[in-house]
Amino acid sequence: MPVSGLSPYDDSNIFARILRGEIPNRTVYEDEWVLAFHDIGPQAPTHVLVIPKGPYVSFADFSAKASDAEIAGFMRAVGKVAKLLGLEEPGYRLIANMGEHSGQEVPHFHMHIVGGRPLGRMVPLA
Ligand code: AMP
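If you use my numbering, the sequence shown corresponds to residues 1310 to 1435, in order.
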């Protein structure tokens, strides 16, 4: 069920629970700023989510409220994880769903890293 990207942060969301260690995940990478783990329902051979450790509902929330250090730490980590996954040479796609029209389902900002095969059109025809 899509969520609004503008609601107050709800720390019972599934990614908050993963960050607190209450729910297991298949971690790929972790540092001071992010946790990266395999998506539970992969849409491609490689499908990893990178989430900031801070409480941000969506890209809108993160880009407006995160500190410069958090934003830099997050973006650098996304690049690092994609490289770690061996996706740089064949290429990959980054997706950040924000709000209802995007289909965002988890109200904790996350970047999808998707790759491992040619990915086709950027946005499917409706
Ligand atoms: P979005 O639609 O952008 O909010 O994406 C949410 C993503 O989170 C989906 O691709 C789900 O498959 C993924 N997801 C949901 N629960 C889990 C979980 N427990 N562990 C890993 N990925 C999850």
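For every residue, glycine included, the Cβ atom is placed at its ideal position computed from N, Cα and C.
Can you check which of these residues, the options, is closest to residue i by C-alpha distance?
i	options	result
Pro-1333	Glu-1341, Asp-1340, Ile-1323, Trp-1342	Ile-1323
His-1419	Ser-1372, Glu-1331, Leu-1396, Met-1310	Ser-1372
Gly-1425	Glu-1414, Met-1431, Gly-1395, Val-1359	Gly-1395
Tyr-1338	Pro-1317, Ser-1321, Leu-1393, Glu-1398	Leu-1393
Pro-1433	Val-1343, Ser-1411, Ile-1360	Ser-1411
Lys-1374	Tyr-1318, Val-1312, Gly-1350	Tyr-1318
Val-1359	Asp-1340, Val-1387, Pro-1427, Arg-1335	Val-1387
Which class does residue i belong to by DSSP, given the choice of helix, strand or coil?
i	result
Val-1359	strand
Gly-1382	helix
Val-1343	strand
His-1421	strand
Leu-1393	helix
Val-1337	strand
Asp-1319	coil
Arg-1326	helix
Val-1387	helix
Glu-1409	helix
Taking 7 Å as the cut-off, does the CB of residue i come closer than this to any heavy atom belonging to ligand 1?
i	result
Asp-1340	no
Gly-1412	yes
Gly-1395	no
Ile-1360	no
Phe-1346	yes
Asn-1406	yes
Ile-1422	no
Gly-1425	no
Asn-1322	no
Gly-1330	no
Val-1337	no
Ile-1380	no
Gly-1314	no
Rounded C-beta distance between residue i and residue j? I'm assuming under 8 Å.
i	j	result
Ala-1345	Phe-1368	No, Ala-1345 and Phe-1368 are not in contact; Cβ-Cβ is about 17 Å, not under 8 Å.
Met-1407	Gly-1314	5 Å
Who pairs with residue i in a beta bridge, going by DSSP?
i	result
Leu-1403	Ile-1422
Answer yes or no: does any C-beta atom of chain C fall closer than 8 Å to that of residue i?
i	result
Pro-1317	Going by chain labels, chain C is absent from the structure shown, which holds only one protein chain.
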